[in-house]
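2 protein chains.
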Amino acid sequence: MDPIESGTKTYSIGQLAEEFGVTSRTLRLYEEEGLLQPLREGTRRIYRDRDRVRLRLILRGKRLGWSLAEIRESFDLYDSSHGEQAQLELMLAKLARRRAVLSAQKRDIDNALADLDRVEANAEAALRELRSGQRKLSHG
Amino acid sequence: MDPIESGTKTYSIGQLAEEFGVTSRTLRLYEEEGLLQPLREGTRRIYRDRDRVRLRLILRGKRLGWSLAEIRESFDLYDSSHGEQAQLELMLAKLARRRAVLSAQKRDIDNALADLDRVEANAEAALRELRSGQRKLSHG
DNA sequence: CCTTACGTTTACGTTAACGTCAACTACTGA
DNA sequence: TCAGTAGTTGACGTTAACGTAAACGTAAGG
């Protein structure tokens, strides 16, 4: 069985931390907050691939400016796709909210990028000015 | 002069706070942090349209998860498009960094939206299941 | 003149997301 | 056997971004 590494690799806290560029303190905090659930081998934490997937999602959430509470909420959403009717309907509502926020955020980014474009064009023009001036000088 | 309100309207701290859904404490903090520079009328703060523009940018930054320090840095970038050569080149480098971060953030959002799609589809399928079950029941 | 509304500064309180340190355990290689 | 490395659980420290409260000033209205 398991001829080519069927994805059952495990990781120590140090390995995982290093791989994702965080500290072990951070991983323990995420566990306290219910965002990660590594196995235990005695007292040591054992992280599996599913934990890596979660961690990836956590860090993506952070890059989007979410709090740990919001990230946990999103996990709860993802996990509860099989409930009763009221549950599911509430979930769909929450998903819609998230979608709206994300879309707005996307618009914000596009606007910010457009601003960047303008400022960058200005700066480049100013630079060209300066350099053409320099050329004249060195040829004078 | 000023026949149709040429954009010289001013605002008290309370008005501005209310309009943008923040507290006056927040506006004072932003001022302390160098993000806003309202005029003074005696001791009272007088906000002009340029302050509203700034505030709008500040709040956009916050929605993107930026710290106040990062927001101020972006203002500094925008304001310093006319410096000497070294300045301008440094600025272009910083702009490139920002652009990269924003683009990455945009990819993150797209991925998050795709995840939402999947979860939402699941939930809707589950709901349809439940409802079709209900229909059977009420027709039995 | 007195209250009410709105503003001011100063300063301490609070929450999130970690950093840092201490004291301890467990395994490993020389 | 002992040093070194990596892990563990507390617990206290720190920074950012405000909230909150105290003590005071000022203009308007009854």
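Line order of the protein sequences matches chains B and L. Count along the first sequence from 1, then add 3; that gives the number in this note's numbering. Count along the second sequence from 1, then add 3; that gives the number in this note's numbering. For each residue, glycine too, the CB sits at the ideal point set by N, CA and C.
Check, Outcome
"Cβ of Asp118(L) within 9 angstroms of any chain B Cβ", "yes"
"6 angstroms Cβ shell around Ser106(L) - same chain, five flanking residues per side excluded", "none"
"Partner residues on chain L for Ala89(B), Cβ-Cβ distance less than 8 angstroms", "Correct list: empty, because the minimum Cβ distance to chain L is about 10 angstroms."
"Cutoff 9 angstroms: Glu76(B) Cβ touching any chain L Cβ", "no"
"Beta-bridge partners of Leu42(B), as assigned by DSSP", "Ile49(B)"
"Close beta carbons around Glu36(B), own chain, < 7 angstroms, minus the five adjacent residues each side", "Leu71 and Arg75"
"Start-to-end residues for the alpha helix (DSSP H) that takes in Leu67(B)", "Careful: Leu67(B) lies outside any alpha helix (DSSP H) and carries neither H nor E."
"Counted within 10 angstroms of its Cβ, other Cβ atoms place Gly17(L) as buried (16 or more) or exposed", "exposed"
"Cβ pair Ser77(L), Gly68(L) closer than 9 angstroms", "no"
"DSSP-derived helix/strand/coil call for Glu132(L)", "helix"
"N-terminal and C-terminal residue of the alpha helix (DSSP H) that Glu35(L) is part of", "Ser27 to Glu35"
"Test: Gly24(L) CB closer than 9 angstroms to a CB of chain B", "no"
"Closer than 9 angstroms to chain B by CB, Ile112(L)", "yes"
"Proximity to Leu119(L) [Cα-Cα], best of Asp113(B), Ser135(B), Leu58(B) and Met94(B)", "Met94(B)"
"Nonlocal neighbours in the same chain, by C-beta distance under 6 angstroms from Leu42(B), ignoring five residues either side", "Ile49"
"Lys12(L) at chain B interface by Cβ criterion, 9 angstroms", "no"
"Rounded separation between Gln144(B) and Gly136(B) - CA only", "Outside the modelled stretch of chain B, which goes from 4 to 143, sits residue 144(B), for which no answer is possible."
"Cutoff 9 angstroms: Arg53(B) Cβ touching any chain L Cβ", "no"
"Burial state of Ala89(B), where buried means 16 or more other Cβ atoms lie within 10 Å", "exposed"
"Of the residues Thr29(L), Leu30(L), Thr46(L) and Arg53(L), the one placed nearest Thr13(L), counting alpha carbons only", "Arg53(L)"
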